[in-house]
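So the structure is just underneath, and the comments pick up after that.
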Amino acid sequence: MIELKGLTKRFGDSTVLDGIDLIIERGEIIVVIGPSGTGKSTLLRCVNFLERPEAGQVTVGDLTVEATQARKQEILELRRRTAFVFQNYALFANKTALENIAEGLIVINSWPKPRAHRRAREILARIGLADKADAYPASLSGGQQQRVGIGRAMAAQAEVILFDEPTSSLDPEWVEEVLGLMKQLADERQTMLVVTHEMGFARDVADRVIFMDGGRIVEQGPPAEVFSAPRDERTRNFLRKVL
Ligand code: ADP
Ligand code: MG
1 MIELKGLTKR
11 FGDSTVLDGI
21 DLIIERGEII
31 VVIGPSGTGK
41 STLLRCVNFL
51 ERPEAGQVTV
61 GDLTVEATQA
71 RKQEILELRR
81 RTAFVFQNYA
91 LFANKTALEN
101 IAEGLIVINS
111 WPKPRAHRRA
121 REILARIGLA
131 DKADAYPASL
141 SGGQQQRVGI
151 GRAMAAQAEV
161 ILFDEPTSSL
171 DPEWVEEVLG
181 LMKQLADERQ
191 TMLVVTHEMG
201 FARDVADRVI
211 FMDGGRIVEQ
221 GPPAEVFSAP
231 RDERTRNFLR
241 KVL
């Protein structure tokens, strides 16, 4: 249902994504691991053209967007079908939790405000923040802010949610509640592509773990395989450091 073909991204002389091929099935939970600077964030950003790839194509459902000839309308449609959860939450500081969740529905999906707000209230209940509808981000804990960030992605009803190190900015005390919400989504078979250093989450929740190094997918497989019997030396070195 989601296919990346030959996805390539360069910054100046350096090739940061080197022809990534990947098929993600509906309902699949994929965790991407690998050393820093290896292109994991760039991969997620290229999937929805936050970063424009130089070559390759992205297919989500019946929409295929070619790097070299992507039209603005196609990119907007691609972004409607993919949702992003950022490491630093990226909430609007001057909007309440409810408004943060409703904003995309109003601006991107052109929903009337009352309908968007009704949906945002449902989402707030699902993420356990029904009582924080009118709270501004600054008055929420890091964990609550990131749950709003995830709620915003849920509201979009995207085909896939892209998570870029969603717990890396959190104080340790808030990590579990955010991972818990992600597990809840995984149980509902929300398709997810997750970059994370949380190996426990990868082991428990992922259908497939992908190890990236140097802008390439070096190795992939079910977590039990990749973690207990990594085939590539680079995967073994990385896992020795993080496990
Ligand atoms: P990761 O998420 O795996 O840590 P990134 O995708 O953030 O890696 O970065 C991969 C490489 O691309 C790094 O060397 C980084 O410095 C470089 N890079 C990322 N974004 C930019 C950019 N906007 N301009 C120039 N170089 C970038
Ligand atoms: Mg990154």
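Residue numbers (the UniProt record's numbering): 1 to 243.
Built from N, CA and C at the ideal position, the CB exists for glycine as well.
Using only the alpha-carbon positions, how far apart do residue i and residue j sit?
{"i": "T82", "j": "Q57", "result": "15 angstroms"}
{"i": "A55", "j": "V218", "result": "20 angstroms"}
{"i": "V85", "j": "A229", "result": "31 angstroms"}
{"i": "G128", "j": "Q73", "result": "35 angstroms"}
{"i": "A70", "j": "L63", "result": "11 angstroms"}
{"i": "I24", "j": "R203", "result": "18 angstroms"}
{"i": "K5", "j": "R45", "result": "15 angstroms"}
Tell me residue i's beta-bridge partners as DSSP assigns them.
{"i": "Q220", "result": "I210"}
{"i": "I20", "result": "L7"}
{"i": "F49", "result": "Bridge partners of F49: none, in fact."}
{"i": "A83", "result": "I161"}
{"i": "I2", "result": "I24, V60"}
{"i": "M31", "result": "Strictly speaking, residue 31 in this sequence is Val, with Met absent from that position. V31 pairs with V194, V209."}
For residue i, which of helix, strand or coil comes out of DSSP?
{"i": "A102", "result": "helix"}
{"i": "residue 278", "result": "Because the chain is modelled from 1 through 243, residue 278 falls outside the range shown and cannot be assessed."}
{"i": "F61", "result": "Note on residue identity: the sequence assigns Gly, not Phe, to residue 61. Coil at G61, not helix or strand."}
{"i": "A55", "result": "strand"}
{"i": "S14", "result": "strand"}
{"i": "S139", "result": "helix"}
{"i": "F238", "result": "helix"}
Does any residue of chain B bring its CB to less than 8 angstroms from the CB of residue i?
{"i": "L63", "result": "This model lacks chain B altogether, as it is built from one protein chain only."}
Practice prompt. Let me know the alpha helix (DSSP H) ranges lying completely inside the region 156 to 213, each 4 residues or longer, listed in chain order.
Written response: 172 to 187, 199 to 205
Worksheet item: Which residues count as close to the ligand MG when the rule is a CB under 7 angstroms from any of its heavy atoms, in chain order?
Response: S36, K40, S41, D164, E165, V195
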